[in-house]
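Colleague: Read in UniProt numbering, the sequence shown has 46 at position 46, and its numbers run on one by one without any break.
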Amino acid sequence: MRISEDLVINSIRKNFPLYIGDDSAVFGGGAGEKMLISTDSLVEGVHFRLRYHSPGSLARKALHQSMSDIAAMGGCPRFLLLSACIPLDFHAEYMDKFITSLCFECEKAGVYIIGGNTTKSYGGLNINSTVIGARGDSVTVRRSGASVGDVLCFVGNAGFAHVGFLALEQNKTSEIFDKFKNTFLWPKALVDEGQFLAGVATAMMDVSDGIFIDAGKMCNESGVGAIIDVRSLLCDLAFQEACDFLCINSEFACVEGGEDYGLLFSVPKALIKQASKNFDKAFGYCFREIGTIKKELGVKIVNNGQDITKFIHPFNHF
């Protein structure tokens, strides 16, 4: 049997079903408050390379990838636990700048570092970040609330980080790739947007593994399926140009690519018009209506009405 993320998670979930299945685990806080906790790893050679990740960009990613999980449940990040496995011959100056940058990022985000751990590594640098947050009322948005007929929506730039990653890997220097590289290197958790959407979304999660994979996760938890119109995600001419430059299909890149840290959510059809208007008023831009929640299980990707799902090659952790 081939190892997979689902195999690992389901093995744990059989024994501890209460807290598993969302972007963050939810547990009791004070009166009228729920605490949220999520953890992520950054492994050198898997999630980042030192040749293009500066100490500052690595610090940003270490914090914001876990903050994004809190944002996906409408929460506010508060605390960070940081653990690092460091090679014995690692550059002390890089690590010092990483810590300085992480403290700076935490101050900007209103997050306090409260502990962690360090040890040596016989491989590369490994970073683990655990963020603890809170939701100011008793209601948290989970992946399991989507209903048939809901509108599937997305906030963020689908596929941008993937294009940036490929450009960095291939040492592309054209200015056309700059904003995509920045999206990959300097992610931003959509905390304010998540808190706003918590008041209207029936289900929500962040997009770290790509829209196709993550829509499947949300649908599985909700016991529904979805149809996604890929054309609704292709609204940026520079993205199309960058994909052409890399010789990749933009339609697939926007649903396969991960590490966008956007928000995928469902909204009742009767509320979508007002929700869109209110969101635009609050943030100065609109979220995208990308599909529909349906009864039949599974996620279908369509382009101009044609089913292209079988051509998708989704991200795999292993």
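We put the CB at the ideal spot given by N, CA and C, even for glycine.
Since the structure is predicted, the reported quantities are computational estimates derived from the model, not experimental observations.
Anyone know if the C-beta pair for Asp260 and Gly159 falls short of 9 Å?
Modeller: The answer is yes: Cβ separation under 9 Å.
Colleague: Where does Ile127 sit, in a helix, a strand or coil, going by DSSP?
Modeller: Strand, per DSSP.
Colleague: Is the segment 72 to 89 touching the segment 176 to 195, taking contact as three or more C-beta pairs under 8 Å?
Modeller: Short answer: they touch.
Colleague: Which residue spans inside the segment 106 to 191 form an unbroken beta strand (DSSP E) run of at least 3?
Modeller: Those beta strand (DSSP E) runs which fall completely within the segment 106 to 191 and span 3+ residues are 112 to 121, 126 to 135, 151 to 155.
Colleague: Check the C-beta distance from Asp206 over to Asp23 and give it rounded, since I have them as a contact under 8 Å.
Modeller: Between Asp23 and Asp206 the Cβ distance is about 6 Å, and since that is below 8 Å, they are a contact.
Colleague: For Lys294, report the span of its beta strand (DSSP E) as first-last.
Modeller: Taken as a continuous stretch (DSSP letters only), the beta strand (DSSP E) holding Lys294 covers 288 to 294.
Colleague: For residue 333, count neighbouring Cβ atoms within 10 angstroms of its own Cβ and tell me buried if that reaches 16, exposed if not.
Modeller: This structure leaves residue 333 out entirely; the chain is present only between 1 and 318.
Colleague: CA-CA distance, Val155 and His91?
Modeller: Spanning the two alpha carbons is a distance of roughly 38 Å.
Colleague: Could you say if the segment 76 to 92 and the segment 123 to 142 meet the contact criterion of at least three C-beta pairs nearer than 8 Å?
Modeller: The segment 76 to 92, when compared against the segment 123 to 142, does touch it at the 8 Å Cβ threshold.
Colleague: What is the DSSP secondary structure of Ala201, counted as helix, strand or coil?
Modeller: Ala201 falls in the coil class under three-state DSSP.
Colleague: Tell me whether the beta-carbon of Arg143 lies closer than 9 Å to the beta-carbon of Ser222.
Modeller: In contact: Arg143 and Ser222 (Cβ atoms closer than 9 Å).
Colleague: Asn303 bridges to which residues according to DSSP?
Modeller: DSSP output for Asn303 lists Gln306 as bridge partner(s).
Colleague: Contact check, Lys294 vs Gly225 under 8 Å by CB: the rounded distance?
Modeller: The Cβ separation is near 5 Å, so the contact holds.
Colleague: Could you pull out every residue in the same chain whose Cβ sits closer than 7 Å to the Cβ of Phe98, ignoring the five residues on either side in sequence?
Modeller: Within the same chain, Phe98 has close Cβ partners Pro55, Leu58, Ala59.
Colleague: Here's the rule: buried if 16 or more other CB atoms are within 10 angstroms of the residue's CB, otherwise exposed. What is Phe239?
Modeller: Buried, by the Cβ-count rule.
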